[in-house]
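Heads up: the sequence shown begins at 1229 in this note's numbering, then just goes up one per residue. For each residue, glycine too, the CB sits at the ideal point set by N, CA and C. Input: a single structure, listed below in structure tokens.
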Amino acid sequence: MTDNTNSYKGKELAANQALLNITHSYKGQELTAQQAWVVCNFTRRLKTSRAHQLDLEQRLEAARGALVLGNRLRRERGLTEDQDTEWEYPCGKTRLEQLAEAVFELRAEIRNCDTDISQDTFKLQSYLDSLSPPTAVPASEAPNACDEDVASPCTTCCPGGEQDTADSSSSDDEDDDDE
1229 MTDNTNSYKG KELAANQALL NITHSYKGQE LTAQQAWVVC NFTRRLKTSR AHQLDLEQRL
1289 EAARGALVLG NRLRRERGLT EDQDTEWEYP CGKTRLEQLA EAVFELRAEI RNCDTDISQD
1349 TFKLQSYLDS LSPPTAVPAS EAPNACDEDV ASPCTTCCPG GEQDTADSSS SDDEDDDDE
């Protein structure tokens, strides 16, 4: 029974190793499985933070709307500042104070979300920038390739490394034209 367990663990280990060797792509950049896992965690955290921020903004709009409605109803009913109608919805003074406090707290929480999103975005970009580019496999030398150690360098403009002096664009011809 231990042989089956060991062979199963060996197969599982081999499968995990194979998964680690798979490369993933993120915005055109090749990543290993471990790098992709880190990037995935950052992007998941960013997505969650953005969804939370959207929820906070919706709650803020609802609280603002209730606060505006409550203040309008207080004016319509002719209630003064010293008249406390406690929790009478939606124009009770206690209720309006609670809504004003909720608006203030939601604004602060949205600012915190903005900061978290900015920091996570910066961390993700820093991580991506810190990744070394994939190492290129050195190409085998072609039999007629130019060797850098040879005395006469290969050039692309002049085959054999020599310039044709009969060329009309040489500097000697230009001097003759000027005279």
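Classification of residue i by the beta-carbon crowding that lies within 10 angstroms, buried from 16 upward
i	result
Ser1360	exposed
Ala1279	exposed
Ala1336	exposed
Gly1306	exposed
Gly1298	buried
Rounded separation between residue i and residue j - CA only
i	j	result
Arg1300	Arg1273	40 Å
Trp1265	Asp1344	20 Å
Asp1310	Gly1320	11 Å
Thr1260	Leu1356	12 Å
Ser1223	Lys1351	With the chain covering 1229 to 1407 only, the question about residue 1223 has no answer from this structure.
Gln1281	Glu1304	34 Å
Glu1258	Val1267	12 Å
Asp1284	Ile1338	A small fix is needed here, since residue 1284 is Leu in this sequence, not Asp. If you take the alpha carbons of Leu1284 and Ile1338, they lie about 7 Å apart.
Asp1326	Ser1346	Strictly speaking, residue 1326 in this sequence is Gln, with Asp absent from that position. Each residue's Cα considered, the two are about 30 Å apart.
Gln1263	Ala1290	41 Å
Asp1416	Thr1322	What is shown of the chain runs 1229 to 1407, which leaves residue 1416 out entirely.
His1252	Asn1340	32 Å
Pro1318	Leu1324	8 Å
Gly1256	Gln1286	35 Å
Ser1354	Tyr1254	14 Å
Ala1328	Ser1358	45 Å
Lys1275	Thr1308	46 Å
Beta-ladder partner(s) of residue i, from DSSP
i	result
His1252	Leu1259
Whole-Å CB distance - residue i paired with residue j, under 8 Å assumed
i	j	result
Leu1288	Leu1334	4 Å
Arg1292	Val1331	6 Å
Phe1270	Asp1348	6 Å
Output the residue ranges of the alpha helix (DSSP H) runs that lie fully inside the segment 1255-1329 and measure 4 residues or longer, sorted by chain position. 1261-1305
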